[in-house]
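Visitor: Taken in order, the sequence shown gives residues 4 to 203; the numbers are from my numbering.
Mind having a look at this structure? Questions to follow.
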Amino acid sequence: MKILKLYADNPNERYLDMAVDALRDGKIIIYPTDTLYALGCDALNNQAIERICKLKSIKSDKTNLSIICKDISQVAEYARFSNDDFKMMKENLPGAFTFIYPSLSSLPKAFKGRKTVGIRIPDNRIATMLVERLGNPIMTSSVEHCDEDYGCEPELMAQRYEDAVEIVIDAGRGELEPSTVVDCTSGEAEIIRQGKGELQ
């Protein structure tokens, strides 16, 4: 496992490529978002998704799985949404939100049980650069933590997940407040978890 120090204002291109290569190879990485640090893998690699689910003791057919996209046009490749949803995303993204929409068949079978997908476009340059270089979304799931330090300090996350992840991207101390989750599957936007994002 490698710890790569990466900073949004001056990202190391070689480190970005190393992280993307790991994702392409079906590996799991830990990386920063605009909320919590997250476990991530190639969102089109079903085996890698199932490894994250196993790591977090969750069942893919009973849990809302989320992906990080680079922009709304990429969201349209993987989720179904209305014109009103488009306007809402345009007003609030990039930002600390997870919008839940019906998923499209372009996502692997891990998403099929729920028939929904959580959509994130975080306000974090490192996260979006990884997606851009990978060429498709990253499946994302927040790093679980037993105390504040383990939730914020990449080096402690690396200790905990040493045998499970290929790379930890260290972008400095992280945050502890999660994204705001908005369920849009019924035609009405319903906040089911208030987090960092304030819905406009």
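Each residue gets a CB set at the ideal place from its N, CA and C atoms; glycine is no exception.
Here the structure is a predicted model, which means the values were calculated and not measured.
(1) So what does DSSP say about Val146, is it helix, strand or coil?
(2) Short of 6 Å in beta carbon distance, which residues of its chain neighbour Gly121, apart from the five on each side in sequence? Order them along the chain.
(3) Whose C-beta lies closer than 8 Å to the C-beta of Met132 among residues of the same chain, with five residues either side of it excluded?
(4) Could you check if Glu169 is buried or exposed, using at least 16 other CB atoms within 10 Å of its CB as the buried criterion?
(5) Taking just the CA atoms, how far does Leu7 sit from Arg17?
(6) Rounded to the nearest angstrom, how far is the Cβ of Ala130 from that of Ser106, given a contact under 8 Å?
(7) Rounded to the nearest angstrom, what separates Glu53 and Asp87 at their Cα positions?
(8) Per DSSP, what are the beta-bridge partners of Val171 in this structure?
Guide: So, from the listed chains and residues:
(1) coil
(2) Only Asn67, Ser69, Thr101, Ile103 meet the Cβ criterion.
(3) Pro14, Leu19
(4) buried
(5) Roughly 10 Å between the two C-alpha positions.
(6) Contact doesn't hold; Cβ gap of about 20 Å is too wide.
(7) Whole-angstrom Cα-Cα distance: 33 Å.
(8) Ile6, Ile33.
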